[in-house]
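Working notes, beginning with the structure itself.
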Amino acid sequence: MEEEKKEPKKKIKIALYWAATCGGCDVATLDIEEKILDVINIADIVLWPVAMDFKYEDVEKMEPKSIDVCLFNGAVRNSEHEEIAKMLREKSKVMIAFGSCACFGGIPGLGNVANREQIFKVAYKDTPSTVNPEFVTPQTEMMTNGGEKLTLPEFWNTVKTLDQTVDVDYYVPGCPPTVDRINDAVGILAKFAETGELPPKGAVVAFDKNLCDECERKRDEEKKIKRIYRPHELKEIDPEKCLLDQGILCMGLATRGGCGARCVNANMPCRGCYGPSPEIKDHGAAVLSAIASILGVEDEAEMIDIGTPEEVEELLNQVKDPLGTFYRFTLPSSMLKRVIIKPEKGGET
Amino acid sequence: MATEKEEFEPLIVGITCNWCTYAAADLAGTSRLKYPPNIRLIRVMCSSRIHPSFILYSFARGADGVFIGGCHPKECHYISGPEKALRRIELLRRMIDQFGIEPERLRLEWCSAAEGAKFAQEVTNFTHKLKELGPSPLRGQ
């Protein structure tokens, strides 16, 4: 048996890295269960901080382009993330932005509503559990009493996506990417290992249609909502009926499909983690446009009343936090990228 | 500082609907009405054609203000355009406020094809307002 099993074709080398992320993408990678053995069959892992004990120096010593595929999850929040992203780009033939944070900034990207000073103030001073009368915050370097220099990465004002930092070949969105889509990505790796073939650059491992296309709920022909509800405000959510028709803000109408509609199947609205549908440049603007135009519009066929300014005001007041709702996963990749903070409140980017 | 502000010439992107406000601008021109030259007009078929991303893009590229013009509600060539535009622009004004851009930098006005004078007046008012506000925080970035 041993003899029959020839030395497999040259294994590909893959690196998995995490930057500003919760670690969920790495856990999701393990969720592919026995398929992980396929990965091991075709690939040698050369870096995976969450699971294996390789050091940055090991990668640093490698030749440029000696890693075949790098799966990079997490947004770029500090100087270490950028340094490693650049190093991995140099060493890798293929760079994959894995997960919503690497693709669009993700939840850590919401940090762009504040700057470093503000974040430090909350994290190291204002939180009730913090006692820090001297307001000590992380420094990039310090000398110990023994004369040893210690360094920490520099925390930035603005969170960046991976493709704002280095050239990215493919995108696997999702928070985290679903098992099916990770399997698709593994399939691409397997094909690459076997034949050297790759999909066209910039490909997104998800569907080209939006979530509504996947969603099986029944929709009204003419959408209209007069009142917005948060899921807990409704006694019962009809599992058959479109969530938007029930007044729940669902981002599926401008969000890329491919997730299997898991949230909406569990009676929870889509929050947009798969990012904008193809051709949409700005996710938040697209959702805002769609949601605003179905608010309170009664009957298209009739000449409808536009409503008094107060009525429109009241209608729109129901959208509590437009920026946080519509850009939940995509603020750093949006057109404006971050909130502008006036210099007197603390330095701008 | 005051003199500096007086010298500041805001850059306004105007996006107007084919049937009313663009025609109003035309009328203002043929009537030889004077209004500040700060506005750059772009014609679209309907005010509801104006995607919020057009406006965000203008701001991201350094526009000091964005002027949206459409038909009066109930006078829309496409029936419900202004109703949709109003909701979008009002919600967007709240959102750009969160982004740190003054909501006054985004203005929505209805001018019918006969209201050339109103158009000239609104553009003048808006230009003055923007001169008061000063350059957009995103200018030159």
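Taken in order, these protein sequences are the chains called Z and F.
My numbering puts the first residue of the first sequence at 1, with every later residue one more than the last.
My numbering puts the first residue of the second sequence at 1001, with every later residue one more than the last.
Cβ atoms here follow ideal geometry from the backbone N, Cα and C, with glycine treated the same way.
Residue i classed as buried or exposed, judged by whether at least 16 other C-beta atoms fall within 10 angstroms
i: Z:MET95; result: buried
i: Z:PHE329; result: buried
i: Z:THR158; result: buried
i: Z:GLU222; result: exposed
i: Z:SER129; result: exposed
i: F:LYS1084; result: buried
i: Z:ASN265; result: exposed
i: Z:GLY347; result: For Z:GLY347, the pLDDT reaches just 46, beneath the cut-off of 50, and the residue's location in the model is therefore unreliable, although a value from the coordinates is still provided. With fewer than 16 Cβ atoms within 10 Å of its Cβ, Z:GLY347 is classed as exposed.
i: Z:THR151; result: exposed
i: Z:VAL136; result: exposed
i: Z:ASN132; result: exposed
i: Z:ASP167; result: exposed
i: Z:THR29; result: buried
i: Z:ASN210; result: buried
i: F:THR1030; result: exposed
i: Z:MET303; result: Summary for Z:MET303: the model assigns pLDDT 49, below 50, so the residue's position carries little reliability; its value from the coordinates is reported in the next sentence. When all chains shown are included, Z:MET303 counts as exposed.
i: Z:LEU331; result: buried
i: Z:THR161; result: buried
i: F:ALA1028; result: buried
i: Z:MET143; result: exposed
i: Z:ARG89; result: buried
i: Z:ILE40; result: exposed
i: Z:HIS402; result: Within the shown structure, residues of chain Z are numbered from 1 to 349, placing residue 402 of chain Z beyond reach of any answer.
i: Z:LYS13; result: buried
Contact check, residue i vs residue j, beta carbons under 9 Å
i: F:GLY1116; j: F:ALA1024; result: yes
i: Z:ASP353; j: Z:ALA190; result: Nothing about residue 353 of chain Z can be reported from this structure: the residues present for chain Z run from 1 to 349 only.
i: Z:LEU244; j: Z:ARG227; result: no
i: Z:GLU274; j: Z:SER100; result: It should be pointed out that residue 274 of chain Z corresponds to Tyr in this sequence rather than to Glu. Yes, they are a contact pair.
i: F:GLY1081; j: F:CYS1017; result: yes
i: Z:ARG230; j: Z:MET251; result: no
i: Z:LEU316; j: Z:ALA292; result: yes
i: F:ILE1055; j: F:VAL1066; result: yes
i: F:THR1021; j: F:CYS1071; result: yes
i: Z:ALA15; j: Z:GLY74; result: no
i: Z:TYR17; j: Z:PRO49; result: yes
i: Z:GLU154; j: Z:THR140; result: yes
i: F:ILE1039; j: F:PHE1126; result: yes
i: Z:GLY258; j: Z:GLY174; result: yes
i: Z:ILE340; j: F:GLY1100; result: yes
i: Z:CYS103; j: Z:ASP163; result: yes
i: F:LYS1034; j: F:ALA1120; result: yes
i: Z:GLU216; j: Z:GLY260; result: no
i: Z:ILE188; j: Z:TYR170; result: yes
i: Z:ILE84; j: Z:TYR124; result: no
i: F:GLN1064; j: F:LEU1108; result: Before going on, a small fix: residue 1064 of chain F reads as Asp here, not Gln. Not closer than 9 Å, so no.
Rounded Cβ spacing between residue i and residue j (contact assumed at less than 8 Å)
i: Z:SER333; j: Z:GLY146; result: 44 Å between Cβ atoms; not a contact.
i: F:VAL1123; j: F:PRO1010; result: Incorrect: roughly 11 Å between the Cβ atoms, too far for contact.
i: Z:LYS91; j: Z:VAL59; result: 6 Å
i: F:SER1053; j: Z:ASP282; result: 4 Å
i: Z:PHE98; j: Z:PHE72; result: 6 Å
i: Z:ILE225; j: Z:LEU295; result: 6 Å
i: F:LEU1091; j: Z:VAL204; result: So it is not a contact: roughly 28 Å between Cβ atoms.
i: F:PHE1059; j: F:SER1112; result: The pair is not a contact, with the Cβ atoms about 28 Å apart (cut-off 8 Å).
i: Z:SER277; j: Z:THR255; result: 7 Å
Top-ranked residue by Cα proximity to residue i, from the options
i: Z:VAL350; options: Z:THR137, Z:PRO322, Z:LEU37, Z:ILE32; result: As shown, chain Z starts at 1 and ends at 349. That puts residue 350 of chain Z outside it, with no answer to give.
i: F:MET1095; options: Z:ALA286, Z:CYS22, Z:GLU117, Z:THR308; result: Z:ALA286
i: F:TYR1057; options: F:ILE1015, F:THR1127, F:ASP1026; result: F:ILE1015
i: Z:LEU323; options: Z:SER289, Z:LEU295, Z:ALA292, Z:GLY284; result: Z:GLY284
i: Z:ASP68; options: Z:LEU30, Z:GLY257, Z:PHE192, Z:LEU110; result: Z:PHE192
i: Z:LYS337; options: Z:GLN318, Z:ASN112, Z:ALA75; result: Z:ASN112
i: F:ARG1049; options: F:ARG1032, F:ASP1026, F:ILE1089, F:THR1030; result: F:ILE1089
i: Z:LEU288; options: F:ALA1120, F:ARG1087, F:ARG1032; result: F:ARG1087
i: F:TYR1078; options: F:GLN1098, F:CYS1046, F:LYS1034, F:GLU1007; result: F:CYS1046
i: Z:ARG368; options: Z:PRO177, Z:ALA51, Z:MET335, Z:LYS342; result: Residue numbering for chain Z in the displayed model covers 1 to 349; residue 368 of chain Z lies beyond these limits and cannot be assessed.
i: Z:ALA51; options: Z:MET62, Z:ASN41, Z:GLY23; result: Z:GLY23
i: Z:LYS35; options: Z:GLU240, Z:PRO343, Z:VAL186; result: Z:VAL186
Listed by chain order, chain F residues near residue i by CB distance under 9 Å
i: Z:ALA286; result: HIS1051, PRO1052, SER1053
Chain Z contact residues for residue i, given Cβ-Cβ distances below 7 Å
i: F:ALA954; result: With chain F covering only 1001 through 1141, there is no way to say anything about residue 954 of chain F.
i: F:ILE1101; result: ILE340
Closer than 7 Å at the beta carbon, the chain F residues around residue i
i: Z:ASP282; result: SER1053, LEU1056
i: Z:ALA292; result: ARG1087, ARG1088, LEU1091
i: Z:PRO322; result: LEU1091, ARG1094, MET1095, GLN1098
i: Z:SER289; result: HIS1051, PRO1052, ARG1088
Where residue i meets chain Z, residues with beta-carbon distance less than 9 Å
i: F:LEU1138; result: LEU336, ILE340
Residue i: contacting residues in chain F (beta-carbon distance under 8 Å)
i: Z:VAL319; result: LEU1091, ARG1094
i: Z:LEU316; result: ARG1087, GLU1090, LEU1091, ARG1094
i: Z:VAL312; result: LEU1086, ARG1087, GLU1090
Interface flag, residue i vs chain A, CB-CB below 9 Å
i: Z:ALA28; result: Looking for chain A here will not work: the only protein chains present are Z and F.
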